[in-house]
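Chains as they are written, first to last, in this note's numbering: chain F, 1 to 277; chain L, 1 to 225; chain H, 1 to 225.
Quick reminder that beta carbons are idealized off the backbone N, C-alpha and C, glycines included.
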Amino acid sequence: MAEPLKAGFEVRLANFTGPFDLLLGLISKHKMDITDVALATVTDEFIKYIRRLQELGEEWALDEASEFLVIAATLLDLKAARLLPAGEVEDAEDIALLEARDLLFARLLQYKAFKQVAAILSGTLESEARRFPRQVALEAHIAAMLPELVWRHTPEQFAALAAKTLAPKDSTPEEVGLDHLHGTPVSVKEQAEIIGYRLQHGQPQSFRALIADAESTLVVVVRFLALLELFRDRVVAFDQPGPLAELTVRWTGRPEGWSSDNMSDEYEQSHQGEEPL
Amino acid sequence: MSEQETGGDGLAALEALPGGVRAALEAVLMVIDQPASAEELAAGLNVTVAVVEDLLEELRQEYSGYTVKAPGTDVDDSQGDMDTDARTSAAPRGFELRNVAGGWRIYSRADFADVVGRFVLEGQTARLTQAALETMAVIAYRQPVSRARVSAIRGVNVDSVVRTLVQRGLIEDSGTDPESGAILYRTTSYFLERMGIGSVAELPQLSPHLPGLEGIEEFFDAERM
Amino acid sequence: MSEQETGGDGLAALEALPGGVRAALEAVLMVIDQPASAEELAAGLNVTVAVVEDLLEELRQEYSGYTVKAPGTDVDDSQGDMDTDARTSAAPRGFELRNVAGGWRIYSRADFADVVGRFVLEGQTARLTQAALETMAVIAYRQPVSRARVSAIRGVNVDSVVRTLVQRGLIEDSGTDPESGAILYRTTSYFLERMGIGSVAELPQLSPHLPGLEGIEEFFDAERM
Numbered sequence: 001m002a003e004p005l006k007a008g009f010e011v012r013l014a015n016f017t018g019p020f021d022l023l024l025g026l027i028s029k030h031k032m033d034i035t036d037v038a039l040a041t042v043t044d045e046f047i048k049y050i051r052r053l054q055e056l057g058e059e060w061a062l063d064e065a066s067e068f069l070v071i072a073a074t075l076l077d078l079k080a081a082r083l084l085p086a087g088e089v090e091d092a093e094d095i096a097l098l099e100a101r102d103l104l105f106a107r108l109l110q111y112k113a114f115k116q117v118a119a120i121l122s123g124t125l126e127s128e129a130r131r132f133p134r135q136v137a138l139e140a141h142i143a144a145m146l147p148e149l150v151w152r153h154t155p156e157q158f159a160a161l162a163a164k165t166l167a168p169k170d171s172t173p174e175e176v177g178l179d180h181l182h183g184t185p186v187s188v189k190e191q192a193e194i195i196g197y198r199l200q201h202g203q204p205q206s207f208r209a210l211i212a213d214a215e216s217t218l219v220v221v222v223r224f225l226a227l228l229e230l231f232r233d234r235v236v237a238f239d240q241p242g243p244l245a246e247l248t249v250r251w252t253g254r255p256e257g258w259s260s261d262n263m264s265d266e267y268e269q270s271h272q273g274e275e276p277l
Numbered sequence: 001m002s003e004q005e006t007g008g009d010g011l012a013a014l015e016a017l018p019g020g021v022r023a024a025l026e027a028v029l030m031v032i033d034q035p036a037s038a039e040e041l042a043a044g045l046n047v048t049v050a051v052v053e054d055l056l057e058e059l060r061q062e063y064s065g066y067t068v069k070a071p072g073t074d075v076d077d078s079q080g081d082m083d084t085d086a087r088t089s090a091a092p093r094g095f096e097l098r099n100v101a102g103g104w105r106i107y108s109r110a111d112f113a114d115v116v117g118r119f120v121l122e123g124q125t126a127r128l129t130q131a132a133l134e135t136m137a138v139i140a141y142r143q144p145v146s147r148a149r150v151s152a153i154r155g156v157n158v159d160s161v162v163r164t165l166v167q168r169g170l171i172e173d174s175g176t177d178p179e180s181g182a183i184l185y186r187t188t189s190y191f192l193e194r195m196g197i198g199s200v201a202e203l204p205q206l207s208p209h210l211p212g213l214e215g216i217e218e219f220f221d222a223e224r225m
Numbered sequence: 001m002s003e004q005e006t007g008g009d010g011l012a013a014l015e016a017l018p019g020g021v022r023a024a025l026e027a028v029l030m031v032i033d034q035p036a037s038a039e040e041l042a043a044g045l046n047v048t049v050a051v052v053e054d055l056l057e058e059l060r061q062e063y064s065g066y067t068v069k070a071p072g073t074d075v076d077d078s079q080g081d082m083d084t085d086a087r088t089s090a091a092p093r094g095f096e097l098r099n100v101a102g103g104w105r106i107y108s109r110a111d112f113a114d115v116v117g118r119f120v121l122e123g124q125t126a127r128l129t130q131a132a133l134e135t136m137a138v139i140a141y142r143q144p145v146s147r148a149r150v151s152a153i154r155g156v157n158v159d160s161v162v163r164t165l166v167q168r169g170l171i172e173d174s175g176t177d178p179e180s181g182a183i184l185y186r187t188t189s190y191f192l193e194r195m196g197i198g199s200v201a202e203l204p205q206l207s208p209h210l211p212g213l214e215g216i217e218e219f220f221d222a223e224r225m
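Below, the structure is given as structure tokens:
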């Protein structure tokens with residue numbers, strides 16, 4: 001168990017390739033049907049397993065561990081619900097719990113399906129690997145018919161090409177979209193001013209309306225931060241009837257006594273000397 | 001298929017050679033290093049696609065030990081089968097002709113894998129890990145698909161596994177998602193070759209493994225991204 | 001050659017397979033790239049050299065259109081032979097088995113050089129593709145290097161591109177890696193000639209283009225397999 005663990009989270013998982021795999025493993029160990037609500041009985045083991053991984057891992061890869069934690073949390077919820085006296089579904093919390101359970105089952109079933117077809121693909125790949133394609137070098141008399149190669153690269157051009165090709169590629173290009181962050185400076189103060197102006201000179205507005213004209217996700221985020229700042233400065237108030245329901249923002253400050261200059265400028269300070277946010 | 005419908009010229013020229021068009025087709029099959037479609041072969045031989053298709057099928061059967069009538073006279077298959085069993089050509093050859101990934105290609109017969117493997121280390125690929133297989137499966141059935149979606153289905157980060165699959169030539173970049181800008185991946189024709197199938201439509205059905213979850217994709221799409 | 005002089009075991013095992021030792025030999029011959037000697041073939045098939053030599057001669061003749069009896073197994077041949085002469089085996093195949101410089105390999109039949117050449121040249125260009133150039137660059141600066149390493153550096157499968165470069169005479173096999181057994185490639189003198197330099201030592205240094213990349217090899221090695 002305590003072998004040198006270097007290569008990442010999956011190695012530490014020994015036989016499991018992810019949280020669903022672990023969950024499926026535990027379920028089949030208990031000979032349970034996946035859709036059985038008694039899923040809660042594997043919760044302890046699941047948590048225990050994660051704890052053990054945590055103890056083993058020098059640097060517990062947060063990124064990959066988070067999925068385990070999400071599932072562990074859902075399992076705990078289910079277990080808690082089971083411990084409580086059975087009753088009618090009454091409030092939003094009960095419904096959320098049921099949804100969480102269904103979501104977990106659905107994801108688990110989906111994963112199980114892919115695991116099954118992966119096993120089929122594996123079998124096919126293995127039996128197909130017993131056939132070797134003929135792929136031999138072109139016979140000399142045929143190769144001789146190929147047109148003479150056009151080669152126009154000077155050694156220097158060739159070296160430049162080699163340098164470019166050998167340069168390490170960013171391993172996760174998909175996640176590197178930071179360019180636009182540095183390209184478009186968006187200031188919390190500026191956005192607070194925009195929001196402040198709209199709210200002072202109009203009716204209470206929903207958050208949705210306040211970000212309707214935001215040209216990028218970054219602006220949405222910054223407006224949200226600006227709202228938090230305004231809230232701390234006690235010039236706005238929020239109304240929200242329930243979780244994830246529409247968020248309405250109203251102006252509660254004195255009509256004219258506010259300007260963004262008075263704003264606590266934690267954001268601007270913390271970013272001084274760096275690229276604009 | 002169209003402009004050479006007669007196929008007469010090509011046929012006439014090649015028929016003059018020993019073995020005729022059939023042997024010429026075999027000769028071409030000897031030098032290709034990736035599957036060639038009937039259309040490509042027909043164009044190269046300057047005969048019609050129909051002629052090539054008949055010949056390919058004839059060679060395929062012959063290599064597998066079914067007796068087939070000589071060249072052009074491919075008709076009497078039913079009759080041929082009768083007295084076939086005991087004859088020389090009834091023993092399969094050591095190689096086979098297969099239609100895989102949209103093209104035809106010669107392979108050594110699977111029966112002899114152990115012996116052939118001693119000579120051909122090349123192209124023998126290490127087995128995929130369980131994580132790679134599962135990732136491969138999700139991509140095969142959900143393509144084109146982003147790493148984020150594959151991650152969501154498998155519950156773990158798949159970045160390094162995806163990179164390995166790309167290097168192995170089993171999947172490739174197929175552009176970016178117009179909304180998220182994420183790179184989308186799809187399987188390659190090399191994947192089809194390795195699977196011995198003509199197209200992804202021939203993959204085993206996923207639905208029998210997914211009881212009553214027909215709408216699940218949309219569900220997750222909405223929920224995830 | 002020596003310790004298996006009886007060849008009994010190997011024969012027995014292979015004879016049980018459809019087509020027997022003969023088909024096994026065909027299977028090997030069909031997929032090997034480098035010609036193999038009778039001794040090597042015998043060792044791989046685990047039969048005596050004499051058996052292999054007989055079979056090689058038999059196959060050679062058969063591919064060239066001489067009707068040959070099937071191996072030891074040819075039970076009903078007398079009966080089969082009657083109506084055989086006009087049949088398939090009398091026409092030469094499109095391929096031939098040749099012994100060149102002490103090694104055996106299957107080639108396309110020389111008669112069909114024109115049609116084969118036309119097929120191969122179709123779509124061939126005199127220029128290297130960008131993918132081929134990049135692969136060439138990696139091999140030139142990292143030689144001797146295996147395809148797996150080039151794949152890792154380029155992030156894509158390079159098998160077919162490497163084959164093209166070999167075919168173009170720009171790179172060649174330089175033995176195998178003692179650890180992995182993978183084939184290593186290096187540049188040829190033809191490449192130097194085309195570059196107009198005397199040796200690979202004259203290739204421009206990469207450092208001006210690539211500051212601080214000394215550790216790059218280790219990076220890729222560690223990160224891959």
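*If you measure from the beta carbon of Ser146(H) to each beta carbon in chain B, is any gap under 8 Å?*
The structure shown has no chain B; the protein chains it does contain are F, L and H.
_Leu97(L) versus Met30(L), Arg168(L), Glu179(L), residue with shortest Cα-Cα distance_ = Here residue 97(L) corresponds to residue number 97 of the second sequence, with the count starting at 1. Put simply, of Met30(L), Arg168(L), Glu179(L) the residue whose alpha carbon is nearest the alpha carbon of Leu97(L) is Met30(L).
*Beta-carbon separation of Trp104(H) and Leu45(H) under 8 Å?*
Looking up residue 104(H) in the third sequence gives position 104. Looking up residue 45(H) in the third sequence gives position 45. At least 8 Å separates the beta-carbon of Trp104(H) from that of Leu45(H).
*Starting from Glu26(H), follow the beta strand (DSSP E) in both directions and report where the run begins and ends.*
Taking the first residue of the third sequence as 1, we reach residue 26(H) at position 26. Glu26(H) -> not in any beta strand (DSSP E); alpha helix (DSSP H) instead, spanning 20–31.
*What residue ranges within the region 92–134 of chain H form continuous alpha helix (DSSP H) runs of no fewer than 4 residues, ordered along the chain?*
Counting only runs that start and end inside the region 92–134 of chain H, the alpha helix (DSSP H) elements of at least 4 residues fall at 113–121.
*Measure from the C-beta of Pro35(L) to each C-beta in chain H and report whether the shortest distance is under 8 Å.*
To locate residue 35(L), count along the second sequence from 1; it is residue 35. Taking Cβ atoms only, chain H never reaches closer than 8 Å to Pro35(L), which makes this a no.
*Which residues in chain F sit within 8 Å of Pro204(H), going by Cβ to Cβ distance?*
Along the third sequence, read from residue 1 onward, the residue named residue 204(H) stands at position 204. Pro155, Glu156, Phe158, Ala159, listed in chain order.
*Would you say Arg234(F) touches the ligand ADP, meaning its beta carbon is less than 7 Å from a heavy atom?*
The ligand ADP is not among the ligands present in this structure, which contains no ligands whatsoever.
_Is it buried or exposed, Asp76(L), if we count other Cβ atoms within 10 angstroms and call 16 or more buried?_
By 1-based counting over the second sequence, the position of residue 76(L) is 76. Confidence in Asp76(L) is poor, its pLDDT being 42 and thus under 50, which makes the residue's placement unreliable; the coordinate value appears in the next sentence. So Asp76(L) counts as exposed.
*Name, please, each residue of chain F whose Cβ falls closer than 8 Å to the Cβ of Tyr107(H).*
Position 107 of the third sequence, counted from the start, is the residue given in the question as residue 107(H). The CB of Tyr107(H) comes closer than 8 Å to the CB of Glu139 in chain F, given here in chain order.
*DSSP state of Glu172(H) mapped onto helix, strand, coil*: Here residue 172(H) refers to the residue found at position 172 of the third sequence. Here Glu172(H) sits in strand by DSSP.
_I need the DSSP call for Gly18(F), collapsed to helix, strand or coil._
If you number the first sequence from 1, residue 18(F) lands on position 18. Gly18(F) carries a coil assignment under DSSP once its states are collapsed to helix, strand and coil.
*Would you mind sorting Gly19(H) into buried or exposed? The rule is 16 or more other CB atoms within 10 Å of its CB.*
For the purposes of this step, residue 19(H) is identified with residue 19 of the third sequence, where counting begins at 1. With 16 or more other Cβ atoms within 10 Å, it is buried.
*What's the call for Ala16(L), buried or exposed, on a 16-neighbour Cβ count within 10 Å?*
In the second sequence, counting from the first residue as 1, residue 16(L) sits at position 16. Taking a 10 Å sphere around the C-beta of Ala16(L), we find fewer than 16 other C-beta atoms and assign the residue as exposed.
*asked:* Determine whether the beta carbon atoms of Tyr190(H) and Gly169(H) lie at a separation below 8 Å.
replied: Along the third sequence, one-based indexing puts residue 190(H) at 190. Along the third sequence, one-based indexing puts residue 169(H) at 169. It is a contact, given that the beta carbons lie within the stated cut-off.
_Let's test the definition: count the other Cβ atoms within 10 Å of the Cβ of Pro19(F) and tell me whether it reaches 16, buried, or not, exposed._
Working through the first sequence from its first residue, we reach residue 19(F) at position 19. By the 10 Å Cβ count, Pro19(F) comes out buried.
*asked:* Quick check on DSSP: helix, strand or coil for Ala209(F)?
replied: Residue 209(F) sits at position 209 when you count from the first residue of the first sequence. Here Ala209(F) sits in helix by DSSP.
*Span separating the alpha-carbon of Arg194(H) from that of Ala118(F)*: For the purposes of this step, residue 194(H) is identified with residue 194 of the third sequence, where counting begins at 1. For the purposes of this step, residue 118(F) is identified with residue 118 of the first sequence, where counting begins at 1. Roughly 48 Å between the two C-alpha positions.
*Got a sec, what are the start and stop residues for the beta strand (DSSP E) Leu184(H) sits in?*
Here residue 184(H) corresponds to residue number 184 of the third sequence, with the count starting at 1. In the DSSP annotation of this structure, the continuous segment of the beta strand (DSSP E) that includes Leu184(H) starts and ends at 183–187.
*asked:* Rounded to the nearest angstrom, what separates Asp102(F) and Ala73(F) at their Cα positions?
replied: For the purposes of this step, residue 102(F) is taken as residue 102 along the first sequence, with counting starting at 1. For the purposes of this step, residue 73(F) is taken as residue 73 along the first sequence, with counting starting at 1. Taking C-alpha positions only, Asp102(F) is separated from Ala73(F) by approximately 14 Å.
*asked:* Rounded to the nearest angstrom, what separates Glu202(H) and Ala113(F) at their Cα positions?
replied: If you number the third sequence from 1, residue 202(H) lands on position 202. If you number the first sequence from 1, residue 113(F) lands on position 113. In a straight line, the C-alpha of Glu202(H) is about 57 Å away from that of Ala113(F).
*His201(F): which of Phe238(F), Val150(F), Arg254(F) sits nearest, CA to CA?*
Walking along the first sequence from the start, residue 201(F) turns up at place 201. Comparing Cα-Cα distances from His201(F) to each of Phe238(F), Val150(F), Arg254(F), the minimum goes to Arg254(F).
*So which residues of chain L does Ile32(H) contact, with C-beta pairs closer than 7 Å?*
In the third sequence, the residue the question calls residue 32(H) occupies position 32. Taking a Cβ-Cβ threshold of 7 Å, the residues of chain L close to Ile32(H) are Phe119, Val120, in chain order.
_Between Gln167(L) and chain H, is any beta-carbon pair separated by less than 8 Å?_
Along the second sequence, one-based indexing puts residue 167(L) at 167. In terms of beta-carbon proximity, Gln167(L) lines the interface with chain H, with at least one pair separated by less than 8 Å.
*How big is the Cα-Cα spacing for Arg22(H) and Ala91(L)?*
Locating residue 22(H) in the third sequence gives position 22, where the first residue counts as 1. Locating residue 91(L) in the second sequence gives position 91, where the first residue counts as 1. In a straight line, the C-alpha of Arg22(H) is about 10 Å away from that of Ala91(L).
*asked:* Suppose contacts are defined by Cβ-Cβ distances below 8 Å. Is Val116(L) in contact with Ser108(L) by that definition?
replied: Counting from one through the second sequence, the residue named residue 116(L) turns up at place 116. Counting from one through the second sequence, the residue named residue 108(L) turns up at place 108. In this structure, Val116(L) lies near Ser108(L), with their beta-carbon atoms less than 8 Å apart.
*Quick one: what's got a C-beta closer than 6 Å to Ser206(F)'s C-beta in the same chain, skipping five residues either side?*
Here residue 206(F) refers to the residue found at position 206 when the first sequence is read from its first residue. Short of 6 Å from the beta carbon of Ser206(F), and not among the five residues preceding or following it, lie these beta carbons of its own chain, in chain order: Glu246, Thr248.
*With DSSP run on the structure shown, which of helix, strand or coil describes Ala118(F)?*
On the first sequence, residue 118(F) is found 118 positions in, with the first residue counted as 1. Three-state DSSP puts Ala118(F) in a helix.
*asked:* Please report the straight-line C-alpha distance between Ser207(L) and Arg198(F), rounded to a whole angstrom.
replied: On the second sequence, residue 207(L) is found 207 positions in, with the first residue counted as 1. On the first sequence, residue 198(F) is found 198 positions in, with the first residue counted as 1. Cα to Cα, Ser207(L) sits roughly 52 Å from Arg198(F).
*How long is the line joining the alpha carbons of Thr124(F) and Pro204(L), rounded to whole angstroms?*
Residue numbering aside, residue 124(F) sits at position 124 when the first sequence is read from its first letter. Residue numbering aside, residue 204(L) sits at position 204 when the second sequence is read from its first letter. One C-alpha to the other measures close to 11 Å.
*Pick helix, strand or coil for Phe238(F), following the three-state DSSP scheme.*
Locating residue 238(F) in the first sequence gives position 238, counting from the first residue. The answer is strand: DSSP assigns Phe238(F) an E or B state.
*Check Ala36(H) in the structure and name its three-state DSSP category.*
Within the third sequence, residue 36(H) is the residue found at index 36, counting from 1. When DSSP states are grouped into helix, strand and coil, Ala36(H) belongs to the strand group.
*Comparing the C-beta of Leu17(H) with each C-beta of chain L, is any distance below 8 Å?*
Position 17 of the third sequence, counted from the first residue, corresponds to residue 17(H). So yes, Leu17(H) belongs to the interface.
*Roughly how far, in whole angstroms, is the beta-carbon of Val219(F) from the beta-carbon of Val186(F), given that I think they are within contact range, below 8 Å?*
Stepping through the first sequence from its first residue, residue 219(F) is reached at position 219. Stepping through the first sequence from its first residue, residue 186(F) is reached at position 186. Between Val186(F) and Val219(F) the Cβ distance is about 6 Å, and since that is below 8 Å, they are a contact.
*With distances taken between CB atoms, is the gap from Val156(L) to Val138(L) smaller than 8 Å?*
Along the second sequence, read from residue 1 onward, the residue named residue 156(L) stands at position 156. Along the second sequence, read from residue 1 onward, the residue named residue 138(L) stands at position 138. Not a contact, by the Cβ cut-off of 8 Å.
*For His141(F) versus Ala126(H), is the C-beta distance shorter than 8 Å?*
For the purposes of this step, residue 141(F) is taken as the residue at position 141 of the first sequence. For the purposes of this step, residue 126(H) is taken as the residue at position 126 of the third sequence. No. Outside cutoff.
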